[in-house]
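Asks:
Numbering (this note's numbering), first residue to last: 2 to 177.
#1: Tell me which residues share the same chain as residue 36 and place their Cβ nearer than 6 Å to its Cβ, disregarding the 5 neighbours each side in the sequence.
#2: Of the choices 39, 73, 55, whose alpha-carbon is the least far from that of residue 97?
#3: Give me, in chain order, the residues of the same chain whose beta-carbon lies closer than 8 Å to that of residue 163; leave out the 5 immediate sequence neighbours on both sides.
#4: Among all the DSSP beta bridges, which residues are the ones paired with residue 29?
#5: Please report the distance separating the alpha-carbon of residue 116 from that of residue 107.
#6: Just grab the DSSP bridge partners of residue 158 for me.
#7: Between residue 152 and residue 51, which are expected to be in contact by the criterion C-beta below 8 Å, what is the C-beta distance as a whole number of angstroms?
#8: Can you give me the Cβ contacts of residue 157 inside the same chain, cut-off strictly under 8 Å, excluding the 5 residues immediately before and after it?
#9: Whole-angstrom Cβ separation of residue 100 and residue 174, contact assumed at under 8 Å?
#10: First and last residue of the alpha helix (DSSP H) that includes residue 42?
#11: When the Cα atoms are used, what is the spatial distance from residue 155 to residue 104?
#12: Let me make sure I understand the geometry here. Which of 70, 84, 88 has the alpha-carbon closest to that of residue 102?
#13: By Cβ distance below 8 Å, which residues in the same chain neighbour residue 140 in space, the five residues on each side in sequence not counted?
#14: Here's a check: name, in chain order, each residue in its chain whose Cβ is nearer than 8 Å to the Cβ of residue 39, leaving out the five neighbours to either side.
#15: Does DSSP classify residue 104 as helix, strand or coil?
#16: Would you report the Cα separation of residue 78 and residue 118, rounded to the nearest angstrom?
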């Protein structure tokens with residue numbers, strides 16, 4: 002398994018090296034997509050909205066879980082007062098309610114995760130035409146993602162220029 006990974010990595014490295022060798026040295030640039038997503042105006046705004054939604058959901062579900070703990074304590078306290086059958090019925094009911102709460106919490110968190118992924122894709126979709134236009138205007142033939150580069154001259158980093166262009170083009174994203 003490790004050998005297959007190394008072979009694949011070596012093949013990709015050779016492929017990129019050949020592309021780089023064929024292209025003029027001044028036509029290969031890189032961009033830090035993570036920085037674009039995290040520091041652009043639209044990206045920061047989307048992250049804030051999603052973080053607020055996540056915090057709100059976490060507080061809501063933490064409160065509900067605390068309420069369930071209190072209900073459980075109350076039920077345990079009543080154990081000797083009520084009949085065994087009634088106690089078992091209430092335990093089953095409480096477990097069912099808690100299971101429903103856990104499913105609701107999971108669905109809520111998954112929904113927020115989906116919104117995060119959708120907003121990321123929306124931002125990347127808006128970014129691609131901007132990047133393509135910049136490449137055409139500046140006669141750039143190849144732009145790589147910075148995470149795939151071991152080391153590179155900082156003068157080849159287009160990230161800040163692209164963020165500036167993106168900020169002019171798009172101010173916010175539509176989030177679910």
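Think of the CB as a built atom: it goes at the ideal place given N, C-alpha and C, for glycine as much as any other residue.
Replies: On the basis of the supplied data:
#1: Taking the first residue of the chain shown as 1, we reach residue 36 at position 35. So the qualifying residues of the chain are 160.
#2: As a working note, residue 97 is residue 96 in the chain shown. Among 39, 73, 55, the Cα nearest to that of residue 97 is on 73.
#3: Along the chain shown, one-based indexing puts residue 163 at 162. Closer than 8 Å at the Cβ level, and outside the excluded window around residue 163, lie 32, 37, 128, 131, 132, 135.
#4: Translated into positions along the chain shown, residue 29 becomes position 28. According to DSSP, which records beta bridges pairwise, residue 29 is partnered with 143.
#5: Residue numbering aside, residue 116 sits at position 115 when the chain shown is read from its first letter. Residue numbering aside, residue 107 sits at position 106 when the chain shown is read from its first letter. Rounded to whole angstroms, residue 116 to residue 107 spans 14 Å at the Cα level.
#6: By 1-based counting over the chain shown, the position of residue 158 is 157. Looking at the DSSP assignment, residue 158 forms a beta bridge with 31.
#7: In the chain shown, counting from the first residue as 1, residue 152 sits at position 151. In the chain shown, counting from the first residue as 1, residue 51 sits at position 50. Between residue 51 and residue 152 the Cβ distance is about 33 Å, and since that is not below 8 Å, they are no contact.
#8: Within the chain shown, the letter at position 156 stands for residue 157. So the qualifying residues of the chain are 29, 30, 31.
#9: For this step, residue 100 is matched to residue 99 along the chain shown. For this step, residue 174 is matched to residue 173 along the chain shown. Rounded, the Cβ-Cβ distance is 35 Å, inconsistent with contact.
#10: For the purposes of this step, residue 42 is taken as the residue at position 41 of the chain shown. Unbroken alpha helix (DSSP H) run through residue 42: 42-79.
#11: Numbered from 1 along the chain shown, position 154 holds the residue referred to as residue 155. Numbered from 1 along the chain shown, position 103 holds the residue referred to as residue 104. Their backbone Cα atoms lie some 48 Å apart in a straight line.
#12: As a first step, residue 102 is located in the chain shown; it is residue number 101 there, counting from the start. Closest option to residue 102, Cα to Cα, is 70.
#13: In the chain shown, the residue the question calls residue 140 occupies position 139. For residue 140, where only same-chain residues beyond five positions count, the Cβ hits under 8 Å are 28.
#14: Within the chain shown, numbered from 1, the residue matching residue 39 stands at position 38. Correct list, in chain order: 45, 48.
#15: One-based indexing of the chain shown puts residue 104 at position 103. If DSSP states are grouped into helix, strand and coil, residue 104 belongs with the helices.
#16: For the purposes of this step, residue 78 is taken as the residue at position 77 of the chain shown. For the purposes of this step, residue 118 is taken as the residue at position 117 of the chain shown. Using only the alpha carbons, I get a separation of about 46 Å.
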